[in-house]
Amino acid sequence: MFTHVVVMTFKADAPADQADRIVAALSGLPSAIPELKDYRIGKDLGLVEGNWDLGVVALFDNEADYRTYSTAPAHVKIVSELVRPFVDQRAALQFES
């Protein structure tokens, strides 16, 4: 199994509902990208000060499937239109699990 994890924080001037917009858009990707085996997206619950705002965990069978996802037009569109313009910081990692 190949795991991809992303966390992000939003710019101070990002719309209050930007996280909801991103969650809604990303939630449609499993039906568009069959290589996604499991996909979890969520906003931070605010339980600990200093946490990041939004997280994504995606599972794939292998690295090739992850690369298909990362370059899929539906994914690229969401990242370029809904994520990048509003994100202040982003951290990601991929690992074999």
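Using our numbering, read the sequence shown as starting at 257 and increasing by one per residue. Cβ coordinates follow ideal geometry from the N, Cα and C atoms, glycine included.
Contact annotation: the region 315-322 touches the region 281-301, with at least three C-beta pairs closer than 8 Å. T265 and R277 have their alpha carbons spaced roughly 14 Å apart. Ranked by how close their Cα comes to the Cα of D300, the residues I289, V279, E319, A288 have V279 in first place.
Rounded to the nearest whole angstrom, the C-alpha separation of H331 and Y325 is 7 Å. In this structure V339 is not in contact with K267, their Cβ atoms being roughly 11 Å apart against a cut-off of 8 Å. Considering only G302, S283, V262, the residue with the shortest C-alpha distance to A348 is V262.
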